[in-house]
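**Q** Take this structure, written in structure tokens, and hold onto it; I'll ask about it next.
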Amino acid sequence: MAEKLIIVGDRVFAEIAREYFTHDSPYEVVAFSVEAGYRERDELGGLPIVDFETLAETHDPREHAVHVAITYAQVNRVRARLAADAKRAGFELASYVSSHAFVWRNVELGEHCFIFEDNTIQPFVTVGSNVVMWSGNHIGHHSTIGDNVFISSHVVVSGGVEVGENCFLGVNSTLVNDIAIGRDTWLGPHVVVTRDVEPGSVYRPARSEKRDVTSLELFGIEG
Numbered sequence: 000m001a002e003k004l005i006i007v008g009d010r011v012f013a014e015i016a017r018e019y020f021t022h023d024s025p026y027e028v029v030a031f032s033v034e035a036g037y038r039e040r041d042e043l044g045g046l047p048i049v050d051f052e053t054l055a056e057t058h059d060p061r062e063h064a065v066h067v068a069i070t071y072a073q074v075n076r077v078r079a080r081l082a083a084d085a086k087r088a089g090f091e092l093a094s095y096v097s098s099h100a101f102v103w104r105n106v107e108l109g110e111h112c113f114i115f116e117d118n119t120i121q122p123f124v125t126v127g128s129n130v131v132m133w134s135g136n137h138i139g140h141h142s143t144i145g146d147n148v149f150i151s152s153h154v155v156v157s158g159g160v161e162v163g164e165n166c167f168l169g170v171n172s173t174l175v176n177d178i179a180i181g182r183d184t185w186l187g188p189h190v191v192v193t194r195d196v197e198p199g200s201v202y203r204p205a206r207s208e209k210r211d212v213t214s215l216e217l218f219g220i221e222g
């Protein structure tokens with residue numbers, strides 16, 4: 000395992016990721032990276048910011064791992080794209096699982112995940128790749144979390160729930176047991192879901208009313 004780490008991103012999540020990787024993982028963060036067209040500065044917190052397009056030329060993929068610390072932009076597609084590009088360039092994709100998270104022994108975790116503190120992930124859960132779980136969530140037994148999902152804080156996913164790819168689950172949202180959340184669904188804060196949800200659905204905060212627009216239309220995403 001490469002112990003030198005490059006964090007892709009230079010915003011708040013990137014700073015947070017550096018803190019966690021530095022103090023609660025075997026990785027040493029040595030640089031940040033952003034796409035050249037978005038790079039506005041040369042360093043962050045004393046570390047260089049390098050162009051993502053030439054990352055494999057400046058940092059040997061055999062000696063460095065990558066983590067893409069970008070949140071849910073374009074319903075998680077930016078994070079997924081950059082992670083895939085880094086992997087194609089030969090970089091190992093690093094995951095972070097907090098030492099203060101409870102992850103049962105038979106949980107299956109994909110690559111390139113970021114699991115914050117106080118998450119409870121119960122037995123027989125499957126978590127896909129490129130998943131972010133912010134602080135304090137409950138993921139119930141026998142649930143499946145698809146690839147490229149972002150779960151914010153204090154979300155309750157009850158037992159036997161299937162969450163499709165690219166979903167966003169807002170703060171304090173609740174999913175009852177044995178339902179399926181279609182891919183690309185966007186749940187606002189405090190939304191309570193008691194039935195299956197169609198792909199691309201958008202639910203308003205608090206009132207749990209489905210909006211007459213898909214998440215892809217809302218964020219201008221094609222396909």
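Be aware that the sequence shown starts at 0, since it is given in numbering that gives the first Met the number 0, and climbs by one per residue.
The beta-carbon is built from N, C-alpha and C at its ideal position, and this holds for glycine as well.
Where do the ends of the beta strand (DSSP E) carrying GLU27 lie?
**A** From DSSP, the beta strand (DSSP E) with GLU27 extends over 27 to 33.
**Q** Would you say the region 14 to 29 touches the region 75 to 88, given that touching needs at least three Cβ pairs under 8 Å?
**A** No: the two stretches stay apart, fewer than three of their Cβ pairs being nearer than 8 Å.
**Q** What is the rounded straight-line gap between the Cα of TRP103 and the Cα of VAL131?
**A** Taking the straight line from one Cα to the other gives about 17 Å.
**Q** ALA68 lies in the beta strand (DSSP E); which residues open and close that run?
**A** First-last for ALA68: undefined, no H or E at that position.
**Q** Please give me, in chain order, every unbroken run of the alpha helix (DSSP H) with length at least 4 that falls completely inside the region 61 to 116.
**A** Listed in chain order, the complete alpha helix (DSSP H) runs (minimum 4 residues) inside the region 61 to 116 are 76 to 87.
**Q** Mind the definition here: the region 183 to 192 touches the region 161 to 168 only if three or more C-beta pairs lie below 8 Å; say whether that holds.
**A** Yes, they touch.
**Q** Do VAL124 and HIS137 have their CB atoms nearer than 7 Å?
**A** Contact flag unset, no.
**Q** Name the DSSP beta bridge partners of HIS58, please?
**A** Partner(s): none; HIS58 has no beta bridge.
**Q** Could you pull the DSSP bridge partners for THR125 from this structure?
**A** The partner list for THR125 (beta bridge, DSSP) reads GLU107, THR143.
**Q** I'd like to know if the region 2 to 9 and the region 24 to 44 are in contact, where contact means that at least 3 CB-CB pairs between them fall below 8 Å.
**A** The answer is yes - the region 24 to 44 touches the region 2 to 9, with three or more Cβ pairs under 8 Å.
**Q** According to DSSP, which residues form a beta bridge with ILE150?
**A** Paired residues: MET132, LEU168.
**Q** Compute the distance between the beta-carbons of LEU46 and PHE31, then report whether it is under 7 Å.
**A** In contact: LEU46 and PHE31 (Cβ atoms closer than 7 Å).
**Q** In this structure, how does DSSP classify THR213 when only helix, strand and coil are distinguished?
**A** Reduced to three states, the DSSP call for THR213 is coil.
**Q** What first and last residue would you give for the alpha helix (DSSP H) that runs through ILE15?
**A** That run of the alpha helix (DSSP H) goes 11 to 22.
**Q** Do you know whose CA, among ARG61, ASP59, ARG80, lies nearest ALA68's CA?
**A** It is ARG80 whose Cα lies nearest to the Cα of ALA68.
**Q** How would you call ALA13, buried or exposed, if buried means at least 16 neighbouring beta carbons within 10 angstroms?
**A** With 16 or more Cβ atoms within 10 Å of its Cβ, ALA13 is classed as buried.
**Q** What separation, rounded to the nearest whole angstrom, lies between the Cα atoms of ALA83 and VAL126?
**A** Approximately 18 Å, taken between the alpha carbons.
**Q** Ignore the nearest five residues each way along the sequence and tell me which others in GLU221's own chain have a CB closer than 8 Å to its CB.
**A** The answer, listed in chain order, is LEU215.
**Q** Are the Cβ atoms of GLU116 and SER134 separated by less than 7 Å?
**A** Going by C-beta atoms, GLU116 is nearer than 7 Å to SER134.
**Q** Please classify VAL196: is it buried, with 16 or more other beta-carbons within 10 angstroms of its beta-carbon, or exposed?
**A** Buried, by the Cβ-count rule.
**Q** Considering Cα atoms alone, identify which of GLU62, PHE149, ALA179 is closest to GLY89.
**A** It is GLU62 whose Cα lies nearest to the Cα of GLY89.
**Q** Could you give the C-beta distance for PRO198 and ASN171, rounded to a whole number, given that I count them as a contact under 8 Å?
**A** 23 Å between Cβ atoms; not a contact.
**Q** Indicate the three-state DSSP secondary structure (helix, strand or coil) for GLU221 in the structure shown.
**A** The answer is coil: DSSP assigns GLU221 none of H, G, I, E or B.
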